[in-house]
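Have a look at the structure below, then the notes.
There are 2 protein chains.
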Amino acid sequence: MSPFLQKLQAAVRRNRSLVCVGLDPDPDRFPPAVRDAADPIFAFNRAIIEQTADAVCAYKLNLAFYEVAGPAGLEALERTVKAIPDDVPVIADAKRGDIDNTARMYARALFEYYRFDAATVNPYMGRDAVQPFLDYRDRGVFVLCLNSNPTAHDIQHLTVDGRPLYLRIAEMVNEWNAHGNCGLVVGATNAESLGGIRAIVPEMPLLIPGIGAQGGDLQTVVAHGTDRNGEGILVNASRSILYAAAADFATAARSAVITLRDEMNRLRSVR
Amino acid sequence: MSPFLQKLQAAVRRNRSLVCVGLDPDPDRFPPAVRDAADPIFAFNRAIIEQTADAVCAYKLNLAFYEVAGPAGLEALERTVKAIPDDVPVIADAKRGDIDNTARMYARALFEYYRFDAATVNPYMGRDAVQPFLDYRDRGVFVLCLNSNPTAHDIQHLTVDGRPLYLRIAEMVNEWNAHGNCGLVVGATNAESLGGIRAIVPEMPLLIPGIGAQGGDLQTVVAHGTDRNGEGILVNASRSILYAAAADFATAARSAVITLRDEMNRLRSVR
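Protein chains in written order, with our numbering: chain A, 1 to 271; chain B, 1 to 271.
This is the structure in structure tokens:
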């Protein structure tokens, strides 16, 4: 098992959790006390991390929410990654994809500068664009496969050899997985898509956004997404956790994580 | 004609140039004098800009080369964009793509914070992921269509309805072009691909990397890529310009730009 998968599995079992919290800070929704902090984004994230680190299997940081604040946003990103306990995996949701020498720069930025444990990447340019990430054998690489946004069908569902493109992507990533450090990003949509992908990659971790503010069906995800151990999925929730309540936002976030975690554990028969 | 296309056309005609210089700084290749500057990336870029701004139609900054240096790299990015004369378009080669609320953040970062004139985006998630960029009617949006890297065929050449996927992408982007601010990224590969794409989008600007260090054939690009005015392509060159010579790198860059510009003008019969 690759080092990233080991770290992920240890967190899943220690915290009995398949919940990944998306740290996608939106300053417009911060409580007044946080807004007045010297570094509001970091202050917000730190409060969320302190309240949830023992109940999640991972954190995911979407880089757009940091880049929008310019270089200072990237400083908040850097501080946030450092504030997460070492035994909780941190995923850069960056969806990068570029030719090999450029992809190497992106991988170096995310894995060496910011020291993320894993990153999301876009497969549209083919294996070249992914390989520099895969070459970091101790990190995880989640390749976009199927998304849950309304227009994902524009391209991902196009028919290739009689089947939707996203299944071809799952097969390709399976072939790219020489170091055992690949995963897939799979939008929580329906049992058929999820089951079709899981059949192609029986042991790969699936990063599943689309629970909470984006809709989605927890029962379907657990029934059709988990691997034979009842693990292998990271269900990401962001807005439904971060903004669960305006007052005492951090403790409300903790409650929301635990509710989601326990509901998933009930569905997969884990106490 | 959309404001971005107007600005681009004005630069093309004023400087009689279809050359886009890729400002992709690699500190390992900087001359010693630049390495000792307070902000080496910015010092290098400024020297290149001063020597080439009257001979290019645009600059393209690949964000990976800045992100790899952390927040300080983004500060160099910010300073570089500001140092480019207002009448020369600046393209963020970011290849972003994410669901709509996230894409909005990426668009805001690139168009509002850094004030780029245009950006490259990835179409894999469909129209949702591109629309927030298109909504900036005064900016340009270059959608990845066909790339020149060895594994671009993994996905871009898959057969959909009897034709390669990249032609379907060109058709989609044509449909997305309600504000007239779309372009395509087309790797310089061969006459057939380029001509096939140009037939679908007769008036759209094509951003063409792959000249210089990446190989490619200038004559094919001019013959099959240009629009009916002998314009409509931005031929990007980066390493072959930036590192044309170790000594007097900036004047060597100028010479390399002018050689490329004049060769393209000869091929399209412009003096």
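All C-beta atoms in this analysis are idealised placements derived from N, C-alpha and C, irrespective of residue type, glycine included.
Keep in mind the model is a prediction, meaning the values are calculated, not measured.
**Under 7 angstroms from the C-beta of residue 150/B: neighbouring residues of chain A** = Simply 128.
**Item:** Which listed residue (209/B, 81/B, 32/B, 88/B) has its alpha carbon closest to that of residue 247/B
**Value:** Selected option, being the one with the closest Cα: 32/B.
**Item:** Nearest to residue 200/A (by Cα), restricted to the options 179/A, 167/A, 207/A
**Value:** Nearest of 179/A, 167/A, 207/A to residue 200/A, Cα basis: 167/A.
**Item:** In DSSP terms, what residue 130/B is bridged to
**Value:** Partner(s): none; residue 130/B has no beta bridge.
**Request:** Answer yes or no: does any C-beta atom of chain B fall closer than 9 angstroms to that of residue 179/A?
**Result:** For residue 179/A, the answer is no, since every Cβ of chain B falls outside 9 angstroms of its Cβ.
**Prompt:** Name the chain A residues that come within less than 7 angstroms of residue 100/B, Cβ to Cβ?
**Reply:** Per Cβ cutoff of 7 angstroms: 149.
**Message:** Please give me, in chain order, every unbroken run of the alpha helix (DSSP H) with length at least 4 that falls completely inside the segment 25-84 of chain B.
**Reply:** Listed in chain order, the alpha helix (DSSP H) runs fully inside the segment 25-84 of chain B are 32-35, 40-52, 64-67, 71-83, counting runs of at least 4 residues.
**Message:** Restricting to Cα atoms, I'd like to know which of 225/B, 111/B, 177/B, 237/B is closest to residue 210/B.
**Reply:** Each of 225/B, 111/B, 177/B, 237/B was checked against the Cα of residue 210/B, and the nearest Cα belongs to 237/B.
**Request:** Determine, using beta-carbon pairs with one atom in the segment 123-141 of chain A and one in the segment 79-87 of chain A, whether at least three such pairs fall under 8 angstroms.
**Result:** Not touching, per the Cβ criterion.
**Message:** For residue 254/A and residue 35/A, I'd like the C-alpha separation in whole angstroms.
**Reply:** Their backbone Cα atoms lie some 20 angstroms apart in a straight line.
**Asked** Among 192/A, 75/A, 165/A, 134/A, which one has its Cα closest to the Cα of residue 104/A?
**Response** When each option's Cα is compared against that of residue 104/A, the closest is 134/A.
**Request:** Select from 138/A, 49/A, 125/A the residue whose C-alpha is nearest the C-alpha of residue 119/A.
**Result:** It is 138/A.
**Request:** Step through the CB atoms of chain A and report whether any lies within less than 9 angstroms of the CB of residue 160/B.
**Result:** Residue 160/B belongs to the set of residues whose beta carbon lies under 9 angstroms from a beta carbon in chain A.
**Asked** Between the C-alpha atoms of residue 186/B and residue 204/B, what's the straight-line distance to the nearest angstrom?
**Response** Distance from the CA of residue 186/B to the CA of residue 204/B, rounded to the nearest whole angstrom, comes to 11 angstroms.
**Message:** Among the candidates 23/B, 53/B, 59/B, whose CA atom is the shortest distance from the CA of residue 44/B?
**Reply:** Nearest in C-alpha terms to residue 44/B, of all of 23/B, 53/B, 59/B, is 23/B.
**Asked** Quick one: any contact between the segment 85-105 of chain B and the segment 67-75 of chain B, if contact means 3 or more CB pairs under 8 angstroms?
**Response** The segment 85-105 of chain B vs the segment 67-75 of chain B: no contact.
**Message:** So if DSSP puts residue 142/A in a beta bridge, which residue, or which two residues, is it bridged to?
**Reply:** Answer is 120/A, 183/A.
**Asked** If you draw a straight line from the alpha carbon of residue 275/B to that of residue 144/A, how long is it in whole angstroms?
**Response** Residue 275/B lies beyond the range of chain B shown here (1 to 271); nothing can be said about it.
**Request:** Measure the CB-CB distance between residue 320/B and residue 19/B and report whether it falls below 9 angstroms.
**Result:** Past the boundaries of the shown model lies residue 320/B; chain B is included only from 1 to 271, so the question cannot be answered.
**Item:** With 16 other Cβ atoms within 10 Å as the buried cut-off, status of residue 162/A
**Value:** The residue is exposed, with fewer than 16 neighbouring Cβ atoms inside 10 Å.
**Message:** Nearest by alpha-carbon distance to residue 192/A: which of 112/A, 224/A, 109/A, 242/A is it?
**Reply:** Selected option, being the one with the closest Cα: 224/A.
**Alpha-carbon to alpha-carbon, residue 140/B and residue 2/B** = Between residue 2/B and residue 140/B, the C-alpha separation is close to 9 angstroms.
**Below-9 angstroms beta-carbon distance, residue 144/A vs any chain B residue** = It does: the Cβ of residue 144/A has a partner Cβ on chain B nearer than 9 angstroms.
**Item:** Residues of the segment 22-38 of chain A with Cβ closer than 7 angstroms to any Cβ of chain B, in chain order
**Value:** Taking 7 angstroms as the Cβ-Cβ cut-off against chain B, none of the residues of the segment 22-38 of chain A qualify.
**Item:** residue 159/B in three-state terms, based on DSSP
**Value:** Strand at residue 159/B.
**Proximal residues to residue 89/A (C-beta, below 8 angstroms), its chain only, five neighbours per side dropped** = 4, 7, 8, 11, 57, 58, 59, 117, 118, 140.
**Request:** Give the residues of chain B in contact with residue 68/A, contact being defined as C-beta atoms less than 7 angstroms apart.
**Result:** Within chain B, the residues near residue 68/A are 105, 108, 109, 113.
**Request:** Out of 17/A, 21/A, 197/A, 92/A, state which residue places its alpha-carbon closest to the alpha-carbon of residue 62/A.
**Result:** Looking at 17/A, 21/A, 197/A, 92/A, the one whose alpha-carbon comes closest to that of residue 62/A is 92/A.
**Prompt:** Whose Cβ in chain A lies nearer than 8 angstroms to the Cβ of residue 153/B?
**Reply:** Here the neighbours are 126.
**Request:** Anything in chain B within Cβ reach of residue 183/A, meaning under 7 angstroms, just list it in chain order.
**Result:** Residues of chain B whose Cβ lies closer than 7 angstroms to the Cβ of residue 183/A do not exist; the shortest such Cβ separation is about 17 angstroms.
**Proximity to residue 25/B [Cα-Cα], best of 14/B, 41/B, 17/B, 13/B** = That would be 41/B, whose Cα lies nearest to the Cα of residue 25/B.
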